[in-house]
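*Asks:* Here it is: the structure, laid out below.
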Amino acid sequence: EAGVAQSPRYKIIEKRQSVAFWCNPISGHATLYWYQQILGQGPKLLIQFQNNGVVDDSQLPKDRFSAERLKGVDSTLKIQPAKLEDSAVYLCASSLVGGGKTSTDTQYFGPGTRLTVL
Amino acid sequence: AQKITQTQPGMFVQEKEAVTLDCTYDTSDPSYGLFWYKQPSSGEMIFLIYQGSYDQQNATEGRYSLNFQKARKSANLVISASQLGDSAMYFCAMRETTSNTGKLIFGQGTTLQVKP
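Those protein sequences? They're chains A and B, same order as listed. Number 85 in our numbering belongs to position 104 of the first sequence; there are no gaps in the numbering. Each position in the second sequence, counted from 1, maps to that position plus 51 in our numbering.
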């Protein structure tokens, strides 16, 4: 079974430029997550989709970040304009069901996109 | 607020020996789930093991086991018979319980280096 796919793997841009990341979850997984991982820290959730609806975007800086999951399958995350502090690894994850505080539903992660903003 | 704490920034272990990576958590909810992930230098987060707060036994998965001490709010990962390929960053995570989204809250991670 294919895992979570992400592209590109690496991206270097100047500040104030825009950038987009793509994620294709594991087939059949209803829930998709985008995490931001700054160097030396654990990942932090940016946005969570259940099928093609947003479940949680409370940590997404909406003035510059946007995300969509058309048709409830793959997803794109965009940053416009980028700032120096956006330099991080952007991880996409998916899970079969999602939700539920005691759920054993496991999140499976892609390889991530390492973004460097100069 | 919920929190995961990993107090060991870096650990060394000799190949074939066992190692314990510490994780403590803070939550007032009696129901929660705990996860451990491995992140090699390639960047991908690899799921290792899960422990539910009501599970009667400590979780085990191959060479990985979880030393779950509920009263102490600790969920330490034990890796037996360490291998060179175990060198990586290890993250403890808890499923957030204040909402029903199922999102994970991660600790800051522990870097493990296995010496030959």
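Think of the CB as a built atom: it goes at the ideal place given N, C-alpha and C, for glycine as much as any other residue.
1) Report the residues of the segment 85 to 99 of chain B with a CB closer than 8 Å to any CB of chain A, ordered along the chain.
2) Within its chain, find whatever has a CB closer than 6 Å to the CB of K59 of chain A; leave out the 5 residues flanking it on each side and keep chain order.
3) Using a Cβ-Cβ cut-off of 6 Å (strictly less than) and excluding sequence neighbours within five positions of T162 of chain B, which residues of its own chain qualify?
4) Please compile the residues from chain A whose C-beta is within a distance smaller than 7 Å of the C-beta of T75 of chain B.
5) Determine which residues of the segment 84 to 99 of chain A have a Cβ less than 8 Å from any Cβ of chain B, and write them out in chain order.
6) Please confirm if T152 of chain B has its CB atom under 9 Å from at least one CB of chain A.
7) If contact means a Cβ-Cβ distance below 8 Å, which residues of the segment 19 to 30 of chain A contact chain B?
8) Please identify, using Cβ separations under 7 Å, the residues of the segment 35 to 50 of chain A that lie next to chain B, in order along the chain.
9) Quick check on this structure: which residue in A:N5, A:T12, A:W3, A:R(-10) has the alpha carbon closest to the alpha carbon of V78 of chain A?
10) Counting only C-beta atoms, is T57 of chain A closer than 9 Å to chain B at any point?
11) Could you give the DSSP three-state label for D37 of chain A: helix, strand or coil?
12) My parser needs the alpha helix (DSSP H) runs of 4 or more residues fully inside the segment -6 to 39 of chain A; what are they?
13) Among A:P62, A:T85, A:T87, A:T57, which has the Cα closest to the Cα of T94 of chain A?
14) Is the Cβ-Cβ distance between Y101 of chain B and T87 of chain A less than 9 Å?
15) Would you be able to state if there are at least three C-beta pairs under 8 Å between the segment 26 to 34 of chain A and the segment 60 to 69 of chain A?
16) Looking only at its own chain, which residues have a Cβ that is under 7 Å from the Cβ of P42 of chain A, when we skip the five neighbours before and after it?
17) Anyone know if the C-beta pair for G91 of chain A and A74 of chain A falls short of 9 Å?
18) Identify the continuous beta strand (DSSP E) that holds V70 of chain A and give its terminal residues.
19) Please state whether the Cβ-Cβ distance between Q107 of chain B and Y76 of chain B is less than 9 Å.
20) If you draw a straight line from the alpha carbon of A(-14) of chain A to that of H10 of chain A, how long is it in whole angstroms?
21) Could you give the distance in angstroms between the alpha-carbon of A132 of chain B and the alpha-carbon of L155 of chain B?
*Replies:* Looking at the coordinates:
1) F86, Y88, S93, G94, E95, M96, I97, F98
2) By one-based count along the first sequence, residue 59 of chain A stands at place 78. Within the same chain, K59 of chain A has close Cβ partners A1, S47.
3) The residue you call residue 162 of chain B lines up with position 111 of the second sequence. The residues are G61, M140.
4) Taking the second sequence and counting its residues from 1, one reaches residue 75 of chain B at position 24. Result: empty, since nearest Cβ-Cβ is about 14 Å, beyond 7 Å.
5) S84, T85, D86, T87, Q88, Y89, F90, G91, P92, G93, R95
6) Locating residue 152 of chain B in the second sequence gives position 101, counting from the first residue. For T152 of chain B, the answer is yes, since a Cβ of chain A falls inside 9 Å of its Cβ.
7) G21, Q22, G23, P24, K25, L26, Q29
8) V36, D37
9) Looking up residue 78 of chain A in the first sequence gives position 97. Measuring from the Cα of V78 of chain A, the nearest candidate turns out to be A:T12.
10) Taking the first sequence and counting its residues from 1, one reaches residue 57 of chain A at position 76. Chain B, which has no Cβ nearer than 9 Å to the Cβ of T57 of chain A, makes this no.
11) As a working mapping, residue 37 of chain A is identified with position 56 in the first sequence. D37 of chain A: strand per DSSP, three-state reduction.
12) none
13) For the purposes of this step, residue 94 of chain A is identified with residue 113 of the first sequence, where counting begins at 1. Cα-wise, what sits closest to T94 of chain A is A:T57.
14) Position 50 of the second sequence holds residue 101 of chain B. Position 106 of the first sequence holds residue 87 of chain A. Cβ atoms of Y101 of chain B and T87 of chain A: closer than 9 Å.
15) no
16) Translated into the one-based positions of the first sequence, residue 42 of chain A becomes position 61. Result list for P42 of chain A: empty, nothing under 7 Å.
17) Within the first sequence, numbered from 1, the residue matching residue 91 of chain A stands at position 110. Within the first sequence, numbered from 1, the residue matching residue 74 of chain A stands at position 93. A contact, by the Cβ cut-off of 9 Å.
18) Within the first sequence, residue 70 of chain A is the residue found at index 89, counting from 1. 69 to 76 is the extent of the beta strand (DSSP E) around V70 of chain A.
19) Position 56 of the second sequence, counting from 1, holds the residue named residue 107 of chain B. Position 25 of the second sequence, counting from 1, holds the residue named residue 76 of chain B. For Q107 of chain B and Y76 of chain B, no; Cβs fall outside 9 Å.
20) As a first step, residue -14 of chain A is located in the first sequence; it is residue number 5 there, counting from the start. As a first step, residue 10 of chain A is located in the first sequence; it is residue number 29 there, counting from the start. In a straight line, the C-alpha of A(-14) of chain A is about 13 Å away from that of H10 of chain A.
21) Counted from its first residue, the second sequence places residue 132 of chain B at position 81. Counted from its first residue, the second sequence places residue 155 of chain B at position 104. Straight-line Cα distance between these residues: approximately 29 Å.
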